[in-house]
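49 is the number of the first residue of the sequence shown in the numbering used here; add one for each residue after it. Every residue gets a Cβ at the ideal spot worked out from N, C-alpha and C, and that includes glycine. Small disclaimer: the values here were computed from a predicted structure and weren't measured. A short worksheet on the structure shown next.
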Amino acid sequence: MEPIIQVKDLKKIYKMGNEEIPALNGISLAIEPEAIYCLYGTSGSGKSTLLNMLAGLEKPTEGTIYIKGKAIHKMNEIALAKFRQKYIGFVFQSYNLIPSLTALENVTLPLIFQGVPKKARETRAAEMLAAVGLSHRMRHKPCEMSGGQQQRVSIARAFVNKPTILFADEPTGNLDTTTTLEVMDIMTSVARDYHQTLIIVSHDLEIADYANKIVTIKNGEIENIKVNKPEERIVSHA
Ligand code: ADP
Ligand code: MG
């Protein structure tokens with residue numbers, strides 16, 4: 049199968065004053081489409097740096113990144129923004145919802161940028177909120193919802209324009225154990241239903257266990273890649 053993301057010899061060196069901090073030390077990786085990956089490793093190992101490069105949020109110091117055959121390491125900011133809008137969704141640890149907007153309004157945002165008409169936006173956002181079990185909270189604002197509910201809104205927002213690839217950086221980092229499993233079950237099952245590629249960053253083995261492939265990162269390098277439950281597109285913790 050043709051990889052959806054192909055990374056070669058990726059290096060990232062952060063400069064702080066005259067100190068150089070090597071965050072990635074030569075990463076090569078092929079990501080298959082329609083699979084769930086976990087970038088797993090301890091704090092400071094380089095997981096977020098790698099995720100941000102894969103998602104086109106930061107430029108590598110060296111190396112190449114192809115997504116769907118496009119050289120994203122060469123794109124300028126405008127081309128990258130368009131590319132992300134079309135193909136990529138994000139879920140962050142801190143939800144990043146807009147506090148003054150309702151759940152429904154937050155989820156319609158990516159569709160506004162895509163020029164989807166109002167009625168169609170609201171229908172699609174409501175469907176997505178139903179898919180994450182929040183039909184009864186559509187008119188609530190973020191401060192009127194629990195952490196788990198807010199993260200489910202942010203998952204609905206990330207999925208609403210049906211991106212090909214979804215990136216999630218420690219998506220359950222602020223949630224309790226029960227809510228973590230709920231949110232992981234929802235995120236992985238929506239990804240499976242839509243035939244998406246999901247790449248999750250985590251330092252938690254229980255989260256990693258949801259993935260089809262676990263890529264362990266150590267000191268900015270890939271330590272190993274483990275095939276996890278290859279028969280299952282998704283792991284149910286129900
Ligand atoms: P992880 O997500 O695995 O915890 P990161 O990718 O955030 O790790 O960080 C990898 C290394 O790069 C760490 O040593 C971190 O301090 C450093 N780093 C990350 N972002 C920056 C930055 N913007 N400026 C300088 N150093 C950074
Ligand atoms: Mg991180």
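If we count the other Cβ atoms within 10 Å of its Cβ and call it buried at 16 or more, is Leu152 buried or exposed? Per the 10 Å Cβ criterion, buried.
Using the rule of at least 16 other Cβ atoms within 10 Å of the residue's Cβ for burial, across every protein chain shown, is Ala286 buried or exposed? In this prediction, Ala286 has a pLDDT of 41, which is less than 50 and means its spatial position is unreliable; nothing more can be read from the coordinates.
Quick one: what does DSSP say Tyr142 is sitting in, helix, strand or coil? Here the sequence assigns Ser to residue 142, which means Tyr is not the residue at that position. Shown here, Ser142 sits in coil according to DSSP, grouped into three states, outside any helix or strand.
Considering Cα atoms alone, identify which of Val55, Met101, Gln54, Thr109 is closest to Lys63. Of the candidates Val55, Met101, Gln54, Thr109, the one whose C-alpha sits nearest the C-alpha of Lys63 is Thr109.
Who pairs with Asp233 in a beta bridge, going by DSSP? According to DSSP, which records beta bridges pairwise, Asp233 is partnered with nothing at all.
Looking at C-alpha atoms only, which residue of Ser202, Lys261, Thr156 is the closest neighbour of Ile247? Of Ser202, Lys261, Thr156, the residue nearest in Cα terms is Lys261.
Any non-hydrogen atom of the ligand MG closer than 7 Å to Glu218 Cβ: Relative to the ligand MG, the beta carbon of Glu218 is positioned inside 7 Å of a heavy atom.
Whose CA, out of Tyr85, Ile84, Thr97, Pro51, lies closest to the CA of Pro70? Of Tyr85, Ile84, Thr97, Pro51, the residue nearest in Cα terms is Thr97.
Endpoints, the alpha helix (DSSP H) within which Thr156 is located: That run of the alpha helix (DSSP H) goes 151-161.
CB Leu58 to CB Leu72, shorter than 8 Å? Contact: yes.
For the region 155-220, which segments carrying the alpha helix (DSSP H) assignment without a break, of at least 4 residues, lie completely within its bounds, in sequence order? Every alpha helix (DSSP H) of 4 residues or more that sits fully in the region 155-220 is shown, in chain order, as 166-179, 195-207.
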